[in-house]
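**Student:**
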Amino acid sequence: MSRSSVSAVPVDSLSAEEARAEHERLGEALAEADRQYYQDDAPTLTDADYDALRRRYEALEAAHPALRTAESLSERVGAAPSGKFGKVTHAVPMLSLGNAFADEEVTDFVGRVRRFLGLEADAPVAMTAEPKIDGLSCSLRYVDGRLAVAATRGDGAVGEDVTANIRTIHEIPQVLKGAPEVLEVRGEVYLSHEDFRRINARQEERGLPPFANPRNAAAGSLRQLDPRITAERPLRFFAYAWGEIAPARPRDTQSGMVKWFDELGFPTNPLTVVCESAEELLAHYRRIGEMRATLGYDIDGVVYKVDDLALQARLGFVSRSPRWAIAHKFAAEKATTILDAIDIQVGRTGALTPVAKLRPVTVGGVVVSNATLHNEDYIKGIGTDGARFREHDIRVGDTVIVQRAGDVIPQVLDVVPEKRPADARAYAFPTTCPACGSPAIREEGEAVRRCTGGFACSAQALERLRHVVSRRVLDIEGLGAERLPFFYEDPDLPIREPADIFTLARRDQANLKKLKDKEGFGALSAKNLFDAIEASRTVPLDRLIAALGIRHVGETTARVLARAYGTWQAFHDAAVRVAEGDADTRHELDSLDQIGDAVIDALAAYFAEPRNRAMVERLVAELTVQEAEKPKSDTPVAGKTVVFTGSLEKMTRDEAKAMAERLGAKVAGSVSKKTDYVVAGPGAGSKLDKARDLGVIVMTEDEWFELVK
DNA sequence: GCGCCTCGAGTTCC
DNA sequence: CTCGAGGCGC
1 MSRSSVSAVP VDSLSAEEAR AEHERLGEAL AEADRQYYQD DAPTLTDADY DALRRRYEAL
61 EAAHPALRTA ESLSERVGAA PSGKFGKVTH AVPMLSLGNA FADEEVTDFV GRVRRFLGLE
121 ADAPVAMTAE PKIDGLSCSL RYVDGRLAVA ATRGDGAVGE DVTANIRTIH EIPQVLKGAP
181 EVLEVRGEVY LSHEDFRRIN ARQEERGLPP FANPRNAAAG SLRQLDPRIT AERPLRFFAY
241 AWGEIAPARP RDTQSGMVKW FDELGFPTNP LTVVCESAEE LLAHYRRIGE MRATLGYDID
301 GVVYKVDDLA LQARLGFVSR SPRWAIAHKF AAEKATTILD AIDIQVGRTG ALTPVAKLRP
361 VTVGGVVVSN ATLHNEDYIK GIGTDGARFR EHDIRVGDTV IVQRAGDVIP QVLDVVPEKR
421 PADARAYAFP TTCPACGSPA IREEGEAVRR CTGGFACSAQ ALERLRHVVS RRVLDIEGLG
481 AERLPFFYED PDLPIREPAD IFTLARRDQA NLKKLKDKEG FGALSAKNLF DAIEASRTVP
541 LDRLIAALGI RHVGETTARV LARAYGTWQA FHDAAVRVAE GDADTRHELD SLDQIGDAVI
601 DALAAYFAEP RNRAMVERLV AELTVQEAEK PKSDTPVAGK TVVFTGSLEK MTRDEAKAMA
661 ERLGAKVAGS VSKKTDYVVA GPGAGSKLDK ARDLGVIVMT EDEWFELVK
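Each residue of the first sequence is one higher than the one before, starting from 1 at the first, in the UniProt record's numbering.
1) Taking the C-alpha atoms as reference points, what is the distance between Leu-339 and Thr-362?
2) Unbroken alpha helix (DSSP H) runs of length 4 or more, entirely within the segment 523–596: which are they?
3) Rounded to a whole number of angstroms, what is the C-alpha to C-alpha distance between Cys-138 and Ile-169?
4) On a CA-only basis, which of Gly-522, Asp-108, Val-679, Phe-238 is nearest Glu-24? Give me that one, please.
5) Across which residues does DSSP place Gln-345 in a beta bridge pair?
6) Out of curiosity, what's the CA-to-CA distance linking Val-696 and Glu-276?
7) Is the beta carbon of Arg-167 closer than 8 Å to that of Leu-191?
8) Just the C-alpha distance for Arg-618 and Val-539, rounded to the nearest angstrom, thanks.
9) State the DSSP-derived secondary structure class of Pro-430, mapped to helix, strand or coil.
10) From Val-125 to Ala-241, what distance separates their C-alpha atoms?
11) Do the CB positions of Ala-532 and Ile-495 come within less than 8 Å of each other?
12) Going by the CB atoms, is the gap between Pro-322 and Ile-245 shorter than 8 Å?
13) Quick test of your reading: Leu-544 and Pro-430, contact by CB under 8 Å. State the CB separation rounded to the nearest angstrom.
14) If we ignore side chains and look at the alpha-carbon of each, how far apart do Thr-337 and His-374 end up?
15) With distances taken between CB atoms, is the gap from Pro-421 to Asn-370 smaller than 8 Å?
16) For Arg-186 and Ala-325, what's the separation of their Cα atoms in angstroms?
17) Should Arg-223 go down as buried or exposed, given a rule of 16 or more other Cβ atoms within 10 Å for buried?
18) Whole angstroms is fine: what's the gap from residue 715's alpha carbon to Leu-548's?
19) Whole angstroms are fine: how far does the CA of Lys-516 sit from the CA of Val-9?
20) Put Trp-704 into one of helix, strand or coil per three-state DSSP.
21) His-284 by DSSP, collapsed to three states: which one?
22) Can the beta-carbon of Met-94 be found less than 8 Å from the beta-carbon of Val-306?
23) Which whole-angstrom value describes the C-beta separation of Glu-333 and Gly-364, a residue pair presumed to lie in contact below a C-beta threshold of 8 Å?
24) For Pro-131 versus Leu-311, is the C-beta spacing smaller than 8 Å?
25) Mapping DSSP to helix, strand and coil, what is Phe-644?
26) DSSP three-state label for Val-185, please.
27) For the alpha helix (DSSP H) that Asp-500 lies in, which residues bound it at each end?
28) So Lys-357 and Ala-341 are in contact, right, with Cβ under 8 Å, and what is the actual spacing, rounded?
29) Under 8 Å between the Cβ atoms of Val-620 and Tyr-677?
30) Tell me whether the beta-carbon of Gly-316 lies closer than 8 Å to the beta-carbon of Arg-450.
31) Going by the CB atoms, is the gap between Glu-555 and Ala-546 shorter than 8 Å?
32) Based on the DSSP output, what are the partners of Asp-308 in its beta bridges?
33) Starting from Arg-89 and walking both ways along the beta strand (DSSP E), at which residues does that stretch end?
34) Is Asp-590 near Gly-581, with beta carbons less than 8 Å apart?
35) For Glu-188, which option in Thr-268, Arg-115, Leu-603 has the closest C-alpha, if you only look at C-alpha atoms?
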């Protein structure tokens, strides 16, 4: 049999061994064909032959699910960055939006915007309202009017290069007339209901499994390695946002920008309107809700944005999402099913989290079989659920109501008491760790029960490693949740602590290249893994601090610490000092924004433990740590610590803080001997007195503006 | 001391 | 995405 011919033996009549052999052979042939097609640009197979191979390969996996491993080609195509799509760093990050479900949250949002801007409670603020399309967000970069790069959202900072696939979308112009030198248009790629049905019919004709919903089909189509497949899928696009624009943005409102996109030839959503109050926004929300079923494409809510771009700039961002926009989601679809069991998972901090194992049920187009139960009290029904007191206690065997929160995360909402089996017993939450058997205790006043096993608990160790390699921390491609347990257990090349990741290649050399001979590993995947690890060896200080996994020190707090200390050595020394009980250092940390006793205690406890310190030393010895992005140093207030107090009249407190930080100053909450300036509005009290006692410079808002001008 | 806001730590499915 | 809790303003 030649490599490119396809066996006619029905896949389900093959033995497991025969199937495995054929699967492997086809995988190699397909990989080779891909290489020729993409790299050498010289295909040796016709499209039809390639498709036949591919279909046989997938049919084998369908009949023999054991073949569908992380190494499988079909997994590599829809899954995480496979190395086949290039990475694209967004010039301006693509952020996510905050959510609202109840009308009240929308009113709150509008109130928050007004308050932040210092407007009267009933002052009109122009806001746009537009349907929230349920597809994939994409950023299209045009240089000199030609489509240059198209990227998926990714983690918001770095996405995947899907330019070739985007070029197959007819609705997206390849060339723009009268566009600025650089223009990034952002919007949603989606599939209409009609086209979705057509694609699924074709999938079935070809004996392939149908897509669960239009969004999955759109995602699968956009992330095809083969643009010829994408071209068969009539994807559509709506433009609603932008990234970099140079030399200048031509309009000064959100609605004006969308109109401009329309003039440039992009599809824009016809249901976009400008409103002036929360009531008008809600009225439009209801109008769109009524039209939902007849729109012909999926939407999952309505997005509201402050229209004036100057106001958007003043409002700025909160951590990951803009303060000037919110997504008002439609109520999630609910379903009932039976709770078969309650599993306990152990997190990296030792937290025991109960997970509901459900009789599989379709909710919102996806089959759900697991759902979080949050904690011990949630199962008992202690506490409140919004306005209403929860009275359920959740028992194994119960019929439960499930929804996908924000249409994503499955959640057990309630039980149906009438359907409770007579023999159902109240759930007894374990008091020992299911992984290591150590006692699991609940601290006074805490909701979570934690395993006390610490270093002895393998579940915790594994979760800590998982945290280290995760995307928001060291982001090591090819060493994800799937592979880590395999390395953790491995007798030859174990990864038991973070430093082990970076010594892996060395140890492998010493062991005569064992990795590539391991099951599921080839020479290529071993090399890819080593390359990814090498690429992560240089880390920004904030990510390193986040990687330590200190309680209460996540992404944001790590960044605060990194900026405050600048270098690993400075941070490390401060942490050691505070662990030794140094009061000055404690005070210095306390003066940092958002850092208080709980964070300092956690930091001190971590560095007081010799095993942690040794582990960290070993890790840092393997890394090149980049100094933290220096705050601006060329402004009059750079490096100074400022405290705002009293009622500010020229700017809101948040604006004042954002402004000072932009200029490289640190904003502290309380006055200390480290404070350089106190900016006092009318009605300032004890902080002003303290500033005078300490001889700190006190100024008015006007004097502050004069200083920073 | 209370209440608001933000962050961290947990979670699912593709 | 949600919940709980820390930080901080009032």
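The C-beta atom is built at its ideal place from N, Cα and C for all residues, glycine as well.
**Tutor:** In short, the structure shows the following:
1) 14 Å
2) 523–535, 541–547, 555–565, 568–579, 583–590
3) Each residue's Cα considered, the two are about 12 Å apart.
4) Gly-522
5) Thr-353
6) Val-696 and Glu-276: Cα-Cα distance of roughly 45 Å.
7) no
8) 15 Å
9) coil
10) 20 Å
11) no
12) no
13) Not really, about 35 Å apart at Cβ, beyond 8 Å.
14) 18 Å
15) no
16) 16 Å
17) buried
18) The chain is shown from 1 up to 709; residue 715 falls before or after that span and cannot be answered.
19) 32 Å
20) helix
21) In the structure shown, His-284 falls within a helical segment according to DSSP collapsed to helix, strand and coil.
22) no
23) 4 Å
24) Against a cut-off of 8 Å, the Cβ pair of Leu-311 and Pro-131 comes out as no contact.
25) Three-state DSSP puts Phe-644 in a strand.
26) strand
27) 498–510
28) 4 Å
29) no
30) no
31) Yes. Within cutoff.
32) Thr-253
33) Reading off the sequence, residue 89 comes out as Thr, not Arg. 87–89 is the extent of the beta strand (DSSP E) around Thr-89.
34) Not a contact, by the Cβ cut-off of 8 Å.
35) Thr-268
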